[in-house]
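To start, the structure under review is shown below, and the notes come after it.
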Amino acid sequence: MNSPKTNLAAGILLLAMFLMMISSARNDALTFDELAHIPAGFGYLTQQDYRLNAEHPPLIKLAAAFSAELAVRPVFPTDTEPWKREIKDQWAQWDQGTIFLYQSGNNADRIIFWSRLAMILVTLFLGWLLFDYARRHFGGKVALLTLFFFAFSPTFLAHGRYVTTDVGAALGFLIGLISFLRFLKNPSWRNVLIAGVVFGIAELLKFSLILLIPIYGILWLAWVLTRPNQELRERMRSSAQLLGKIVIIGCIGLIVISAVYAFSMRRYPLDRNLRDAQGLLHYQDSATNCALEKATGRSGGECSKFRQAEINLKLLQNPLTRPLGQWALGMLLATRRTAGGNSTYYFGELSGEGYRSYFPVMFAVKEPLALIILGFLALMSAARKKLKSRNFHSIHLRIRDWVRDHFERFSFLTIIAVYWGTSIIAPLNIGIRHVLPTFPFIYLLIAYGICRRLFDRDILLATNLIGTIQNLYARYLKPLPGLILVFLLLLWLGFSTLRAYPHFLSYYNELGGGVANGYRIATDSNYDWGQDLKRLKVYVDENRIDKISVAYFGGGNLRYYFGDKAEPWWSARGPARGWFAISVNEREGAFARLAPGFERKPEDSYEWLREYQPVGRAGYSIFIYKLPE
């Protein structure tokens, strides 16, 4: 397959992905996290003030705001209570988002569309970069198959449209790995500079990119230990030189981080910055609890939190280190959020502790089943090849030789292992999107394994007719059953994804019950993020409903879309009357059994709703009831 045809096929796949994302995004209401991210980006861009959404780095939000600012020029209000509020928690950003989008005379749908367009372009750039890297290192067939998995991934099609940081994180890991591998192969000062700038950009995409530091450490160690024909002294010298340059890469990255944060907070008053940081870090509470710990001799981690807060505040007080202090503040908030967990609905149970099986199970039911089968086939093929090999070296030497000869694939496995390991251990289980950054590497490994199984054939030099026939059989006939099987699986994969259109966020494969029933396994950003509110409006209009009570989870706004037709409702208000709609996230969380130690107020359990069955659904994530008047 020559390069022009390969590029054309890749362009067609990316065009198909673009059309699926852009057309489906128009009718999706604002999701929960977008209500915080979009106003935060406008705060950084137009006000150069970082008081909103400190727990996420700025680059994705800036890109979204830049796109919408160019196209819409909305009014960003600063004379509002949430903007002026002395932040004691992080809810001000959602309140500011509501006022900015829905209560300031702006066209909310235009702002949302143009903000999302930037994210769609980021997703397409990620796809092209993944394709280009795979083609250069593994060939056109592997590259196209990898891109097919990417373009028809319901997870990327869903989250690639939203102003959130998960696809940005996937891009960060890919560019971070590419630049670092290039540096290892050729540690020139030019590649040091490129790797440093890329590292800084990656850290500005999502705080989970801090994992690049241990990943770089593992790759550096593996690289120096697997270099052939080096004496111990030479190996130590070259490894020390590499390590020194890696430190410089980190320093360059910090300069890039500081520059972007300095722009984003240039007009953020220092006194307000310090008060916000103290409130977000619960500084006074930590100081009190630390003193109590010292007085009682108990250890509950409060003194550690207090020391972290003190260091962070000192960084913020120094003009030179203030941008890094704001970055470190976000890192602290993100780390504490991950360690603290979140309420999770999983197989009918509500818990705040997290589940070790969560991410493996969610991958098995949220990605197309055909991809899972292809992954098993690739894994079985690789295992079979290893078992058939007659390599009698020790395991240590075999591992060393494999890592040296397949360093790119070893790098992919390292990222997957580190990222999945930390995600599985953490109690924060609110969506498959949290392991999305590893998906491009998984796709590439599966594509490589499948293509190697189908197309890598040993063709012997034919010296007679029998040899020629054997070569023809090996080249054309022997792979035919495998080609047919893979072709059918790819058709299934594409059909499964297209059938879910435009409800990519709610996608579950056949094993997970499909789009209609996947919510029984897990909700939140796996199924219901508030995206179907505009579809509820269509249902209300088509059925000529004059009044409906709505228990809604998401970033949309009832009054903006419904006017006086919709009334916000919640369980504690008592039984609703007449038409009633409830988000799946709200309903399943209320109906779920409680894990040990998890509590729910009786008035929040929607007991009065249990005896009724829904008469309709808006999209898939909002159930609609007709209750007694």
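Under my numbering, the first residue of the sequence shown is numbered 590, with each subsequent residue one higher.
C-beta: ideal position from N, C-alpha, C; glycine also.
With respect to the 7 Å criterion, residue 747 and residue 707 are not classified as neighbours on the basis of their beta carbons. Where residue 1138 is concerned, the enclosing beta strand (DSSP E) starts and stops at 1137 to 1140. If you compare the alpha carbons of 897, 1175, 941 with that of residue 1186, the shortest gap goes to 941. Of the other Cβ atoms in all chains shown, 16 or more fall within 10 Å of the Cβ of residue 626; this residue is therefore buried.
Contact fails between the segment 947 to 963 and the segment 769 to 782, because fewer than three Cβ pairs, one in each stretch, are under 8 Å apart. A residue is called buried when at least 16 other Cβ atoms come within 10 angstroms of its Cβ; residue 775 does not meet this threshold and is exposed. Between the alpha carbons of residue 800 and residue 919 lies a distance of about 15 Å. Distance check between residue 694 and each of 666, 1073, 726 places 666 closest, using alpha-carbon atoms only.
Listed in chain order, the non-local C-beta contacts of residue 727 below 7 Å within the same chain comprise 1037, local neighbours out to five positions each way being set aside. Residue 1113 is not a Cβ neighbour of residue 1172, given a cutoff of 7 Å. For residue 705, the CB contacts under 7 Å within the same chain, skipping 5 residues up- and downstream, are 614, 750, 751, 752 in chain order. Rounded to whole angstroms, residue 714 and residue 736 show a C-alpha spacing of 12 Å. In the DSSP assignment, the residues bridged to residue 934 are 939. By the 16-neighbour rule on beta-carbons within 10 angstroms, residue 592 is exposed. The residues 1179, 1192, 1193, 1194, 1195, in chain order, have a CB closer than 7 Å to that of residue 1160 in the same chain once the five nearest residues on each side in sequence are set aside. When secondary structure is reduced to three states using DSSP, residue 1214 falls in the strand class.
The Cβ neighbour count for residue 1087, taken over all protein chains shown within 10 Å, is under 16; the residue is labelled exposed. Within the same chain, Cβ atoms closer than 8 Å to the Cβ of residue 837 are found at 781, 785, the five residues on either side in sequence being excluded.
Only buried fits residue 847, as 16 or more other CB atoms lie within 10 angstroms of its CB. One Cα belongs to residue 985, the other to residue 992, and the distance between them is close to 11 Å. Taken through DSSP and simplified to helix, strand or coil, residue 987 comes out as helix.
If the five residues before and after residue 911 are omitted, its C-beta is found closer than 6 Å to the C-beta atoms of 905, all from its own chain and listed in chain order.
If you check the CB distance, residue 1145 and residue 1119 come in under 7 Å.
In the three-state reduction of the DSSP assignment, residue 870 falls in the coil class.
In this structure, DSSP gives residue 1194 a state outside helix and strand, which the three-state scheme calls coil. Taking each of 854, 818, 742 in turn and checking the Cα distance to residue 648, the smallest one comes out for 854.
Using a 10 angstroms sphere on the CB of residue 893, the tally of other CB atoms stays under 16, which defines it as exposed. When DSSP reads this structure, residue 1168 sits in a beta bridge with 1137, 1215.
Membership of residue 724 in any beta strand (DSSP E) is not indicated; the residue belongs instead to the alpha helix (DSSP H) covering 697 to 727. Taking C-beta atoms under 8 Å as the contact rule, residue 1121 and residue 1205 fail to qualify, at a distance of about 12 Å. Excluding five sequence positions before and after residue 839, the CB atoms of its chain that fall closer than 8 Å to its own CB belong to 785, 788, 802, given in chain order. Secondary-structure assignment with DSSP links residue 1182 through a beta bridge to 938. A residue is called buried when at least 16 other Cβ atoms come within 10 angstroms of its Cβ; residue 890 does not meet this threshold and is exposed. Rounded to the nearest whole angstrom, the C-alpha separation of residue 638 and residue 859 is 10 Å. Residue pairing by DSSP places residue 1207 opposite 1211 in a beta bridge.
The secondary-structure analysis by DSSP pairs residue 1156 across a beta bridge with 1138.
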